[in-house]
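Peer 1: According to UniProt numbering, the sequence shown holds residues 1 to 445 in order. We put the beta carbon where it would ideally sit given N, CA and C, even for glycine.
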Amino acid sequence: MAKGQEQTVSPELYADVCPKCKGKVHKASGENPSKEYIDAVNEAINRVIKDGYNSNYNAELTSITAKELASTVIKAYSEIKQDWNAPDTEMIQRLTQDVWQFSSAKNYQELRDLTLLLKDEKGELRSLSDFKTEASKVIGTYNENWIETEVNTAISSSQNAARWIEFVQDKDTIPNLEYQTVGDKFVRSEHQVLDGIIKAIQDVFWQTHYPPNGWGCRCEAVQTLETDTTPANETPDVTIPKMFRTNLAANKLVFPKGHPYYEDIPEHVLVKTLKHIPKEDAFRVETYKNTPVLTHVLHEAHELHNNKIITNTLIDKYKSISKIELLPNISDKELELKKKFYPKRWHEYIGAKNPDALIQINGKDTVVEFKYLTGNGKHIKRYLEDASDKSEYAVMMLTRESKLKEEWLKEKLDMWFLNTDKKHFKGLLILDEDAKELYKKSNLL
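Structure representation (structure tokens):
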């Protein structure tokens, strides 16, 4: 590197990983990282070097890292909880979003470090062969050495996040948690003294000590029926690294926000990288009853569980549906980006609001808004106005609390359609909790 320039992220980044286990003994199936990841990174880096540096981000590199970490998150979370409820669905989406943002930051720092290598210690341009030699060291650090710690962190964070969801749900019947190490000879001394500490789930102890609380941490918290908690004066005062003095699970994070990757990154760079992820990489693909259901990494996390209920209900009930995409939430400032996710005929209607889904019905893509209405449903016309502003079709599900009758719905909603000037809005389907049709405007489904 040129004189006066230093690598943007310290080579000692994960130096405080557990000195005994070196952070390499997490439970993980297969290679860590996978051979596919290493090969894909090397190919992408070679293309970056060949094409030259004309950008401070590379969506391909971000995608490769994010997919490796995201698949780790889902697999590790599922080892603790196989059946996901609403909090699980939101947690998984938040964790997935976090690894994408983390991967974007990592990509930015790696490219900065590679750019610094273009000149040597005297400030003179390196030869291509010299540059490749030096670049291979940086690439190895980021994508072999560091990724191993990062994958292990993703495993630990995800498993402890799954447990945290259970702890919160059970706190009224099992209010206390116990700190537990893995109990082997590799446990670091600072964590050994925490083993057996019992605190109520709402105790501030868990805000700073809930695992993982360091790189390579393999500890966990477990529920306990013990009613006596550890007094403050008997709680060991151990040093927790500053960036880990948080509860990652409660904050729905995989990596701490104080990670050096996030230092000195312009916000627009992170946003730009995330927004320009290749479309085929940005969706998590699942199948329900042999029908593909694709969830974008930027789909609203707090809506995802209810949207999945509607999605599965539609697939169960209507055989004309061949695919459903749950769409990203994108700022109205990114109009051109939004167009990537919609059929051309819809481009003129794209505005500030984001519809929930693109549903393939009888081979044709339809822009759809979902509404999962709790309570008595008395504000249904307000929700219809909102849906009609951003979609061409709306699907609403009512819960058992709803007091709305079919006759009332038909009278009020038929009148709404008669008077609306929103010609792009083609129809509405309202289902009750048992998937019975209460109202249907249009034969689309």
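1) Assuming Arg284 is part of the beta strand (DSSP E), what are its boundary residues?
2) Let me check understanding here. Comparing Cα to Cα, which of Lys364, Lys275, Glu325 and Asp365 lies closest to Leu337?
3) Who are the Cβ neighbours of His26 in its own chain at under 6 Å, not counting the five residues just before and after it?
4) If Lys426 sits next to Tyr393, beta carbons under 8 Å apart, how far is it from one beta carbon to the other, in whole angstroms?
5) Is it the case that the Cβ atoms of Ile321 and Leu314 are separated by a distance below 8 Å?
6) Pick out whichever of Val254, Glu234 and Phe167 has its Cα sitting closest to the Cα of Leu225.
7) Measure from the alpha carbon of Leu177 to the alpha carbon of each residue in Asp195, Thr246 and Asn251, then state which is nearest.
8) Does DSSP put Ile380 in a helix, a strand or coil?
9) Which of the three DSSP states, helix, strand or coil, is assigned to Asp83?
10) Taking all protein chains shown into account, do 16 or more other C-beta atoms lie within 10 angstroms of the C-beta of Lys403, making it buried, or fewer, making it exposed?
11) Put His26 into one of helix, strand or coil per three-state DSSP.
12) Span of the alpha helix (DSSP H) holding Ile310?
13) Who are Ala394's beta bridge partners in DSSP?
14) Rounded to whole angstroms, how far is the Cβ of Gln159 from the Cβ of Ile80, which I believe are closer than 8 Å?
15) Using the three-state DSSP reduction, which class does Pro442 fall into: helix, strand or coil?
16) Taking all protein chains shown into account, decide if Gly123 is buried (16 or more other Cβ within 10 angstroms of its Cβ) or exposed.
17) For a test of the three-state rule: what should DSSP assign to Thr229, helix, strand or coil?
18) Can you grab the Cα-Cα spacing for the pair Leu445 / Asn419, in whole Å?
19) Look up Glu90 in the DSSP assignment and say whether it is helix, strand or coil.
20) Report the option in Lys412, Pro343, Tyr439 and Glu263 whose CA atom is closest to the CA atom of Val9.
21) If Lys371 and Met396 are in contact, beta carbons under 8 Å, what's the gap, nearest whole angstrom?
22) Which class does Ser127 belong to by DSSP, given the choice of helix, strand or coil?
23) Should Leu335 go down as buried or exposed, given a rule of 16 or more other Cβ atoms within 10 Å for buried?
Peer 2: Reading from the atomic positions:
1) Phe283 to Tyr288
2) Lys275
3) Residue confidence is low: His26 scores 46 on pLDDT, short of 50, so the model does not pin down where it sits. Its coordinate-derived value is still stated next. Excluding positions up to five away in sequence, the list reads Asn152 and Ile155.
4) 6 Å
5) yes
6) Phe167
7) Asp195
8) helix
9) coil
10) exposed
11) For His26, the predicted model reports a pLDDT of 46, less than 50, meaning its position is unreliable and no value from the coordinates is stated.
12) Ala301 to Lys317
13) Glu369 and Leu428
14) 5 Å
15) The question names Pro, yet the displayed sequence has Ser at residue 442. In the structure shown, Ser442 sits in coil (DSSP, three-state: anything other than H, G, I, E or B).
16) exposed
17) coil
18) 23 Å
19) helix
20) Glu263
21) 4 Å
22) coil
23) exposed
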